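A.B. asks: Next up is a structure, given as structure tokens.
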Amino acid sequence: FTKLKPRLPEDQYLGILGPIFHGEVGDTFKIVFRNNATHPFSMHPHGVLYEKDSEGAGYNDNSSGKEKVGGCVPPGATHTYTWQIPERAGPGPGDPSSIFWLYHSHCDELRDVASGLFGGFVVTRRGEAKPDGRPKDVDHEFVTMYIAINENESWYLDDNIRDHCIDAKTVSKTEFSLLTATGINTPAANTGFISTNTKWSINGYIYGNMPMMTMRKGDHVRWYVATLGDFNNAHTPHWHGNTVLVAGQRTDVLAVTSAQMITADMIPDAPGIWLYHCHISDHMLAGMVARYEVKDR
């Protein structure tokens, strides 16, 4: 835990997401979690099978001792989470060969997620995975998290103000600052501080700055689409230029709500650089836009 493993060039688009794990039904994930941060954090998985010490959620459940150690791992501590992948965590009868599950910190879920502490893992049907756990029948996988990150709730808001503002003392963490004139406190013009700290992002990238997701015409491309967070996080991801199959239905727009995960398969037939964005207009205008490229063969 002294040297950060670099992310591969083709995975730079993952941005703020934590590591993406791959496994097959019947496998077991053993995650060695080291908290190098300044607050208690955890890893809570969706979908898989675990005992209380690997739930990764701190709440009053009448458990104690060993069962509680993974609930909120204190700064500087290490915990090993064990997550089993039974059949009920794998693709169902109507699913493709692999599906996606989220994990995230669950000590203070609102503030932890607002601090960017989330990622995910792919589970492939038994017998249909390559040695690295990826599905055999897929040429490319892309994980995209549509999330409005409310940095006003981040554990690190004050650190960012202190470290990155020219004069931290002048920052008002409310929509309105107070002007004192003739002894009377009067609301000044809207500073916009709260609204501008909500980042309408895909994998943490905004306004089309995500590194290009690239594929070729005729490839079998699997998209794992998810969202997480507060009431703002209901989104409608839309692909320009190509369509996807979801549970046998042909579409080019999905509807995802908080903590929902959808798997969509694409065989692109239209070369070019295409928009990939939330189709809720104000979300798109606020920055929830990326691009993908289909190269000709």
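389 is the number that the working numbering gives to position 55 of the sequence shown; each next residue is one higher, with no gaps.
C-beta atoms are modelled at their ideal positions from N, C-alpha and C, and glycine is treated no differently.
Please read these numbers as outputs of a predicted model, since none were measured by experiment.
Counting pairs of Cβ atoms below 8 Å between the segment 377–392 and the segment 423–435, do you hit three or more?
C.D. replies: With a cut-off of 8 Å, the segment 423–435 and the segment 377–392 count as touching, because enough Cβ pairs lie within range.
A.B. asks: What is the rounded straight-line gap between the Cα of Ala624 and the Cα of Trp608?
C.D. replies: Their Cα atoms are separated by approximately 9 Å.
A.B. asks: Measure the Cβ-Cβ separation of Ser388 and Thr416 and say whether it is below 8 Å.
C.D. replies: The answer is yes: Cβ separation under 8 Å.
A.B. asks: Less than 8 Å between the beta carbons of Asp429 and Thr597, yes or no?
C.D. replies: Contact: yes.
A.B. asks: Would you call the CB atoms of Gly606 and Ala482 closer than 8 Å?
C.D. replies: No, the pair does not count as a contact, with Cβ atoms beyond the cut-off.
A.B. asks: Around the C-beta of Met446, are 16 or more other C-beta atoms found within 10 angstroms, so that it is buried, or is it exposed?
C.D. replies: According to the sequence shown, residue 446 is Asp rather than Met. Result: buried.
A.B. asks: Helix, strand or coil: which one does DSSP assign to Val555?
C.D. replies: Val555 falls in the strand class under three-state DSSP.
A.B. asks: On the criterion of 16 or more Cβ atoms from any shown chain inside 10 Å, does Cys499 qualify as buried, or is it exposed?
C.D. replies: With fewer than 16 other Cβ atoms within 10 Å, it is exposed.
A.B. asks: Kindly indicate the opening and closing residues of the beta strand (DSSP E) around Asp599.
C.D. replies: 595–600 is the extent of the beta strand (DSSP E) around Asp599.
A.B. asks: CB Met618 to CB Tyr347, shorter than 8 Å?
C.D. replies: For Met618 and Tyr347, no; Cβs fall outside 8 Å.
A.B. asks: At what residues does the alpha helix (DSSP H) containing His498 begin and finish?
C.D. replies: Segment 491–498, the alpha helix (DSSP H) holding His498.
A.B. asks: For the 8 Å Cβ check, are there 3 or more pairs between the segment 469–486 and the segment 362–377?
C.D. replies: Contact fails: fewer than three Cβ-Cβ distances are below 8 Å.
A.B. asks: Have a look at Gly410, Leu351, Lys337, Ala423 and flag the residue whose alpha-carbon is nearest the alpha-carbon of Gly357.
C.D. replies: Among Gly410, Leu351, Lys337, Ala423, the Cα nearest to that of Gly357 belongs to Ala423.
A.B. asks: Under 8 Å between C-beta atoms, does His554 make it to chain C?
C.D. replies: Of the protein chains in this structure there is only one, and it is not chain C.
A.B. asks: Please classify Asp497 as buried or exposed, where buried requires at least 16 other C-beta atoms within 10 Å of its C-beta.
C.D. replies: It is exposed - the Cβ of Asp497 has fewer than 16 other Cβ atoms within 10 Å.
A.B. asks: Determine the burial state of Ala589: buried for a count of at least 16 other Cβ atoms within 10 Å of its Cβ, exposed for fewer.
C.D. replies: Ala589 is exposed by the Cβ-count criterion.
A.B. asks: List the residues that DSSP assigns as beta-bridge partners of Val578.
C.D. replies: Partner(s): Thr585.
A.B. asks: Run through DSSP, which three-state label would Ile354 get?
C.D. replies: Here Ile354 sits in strand by DSSP.
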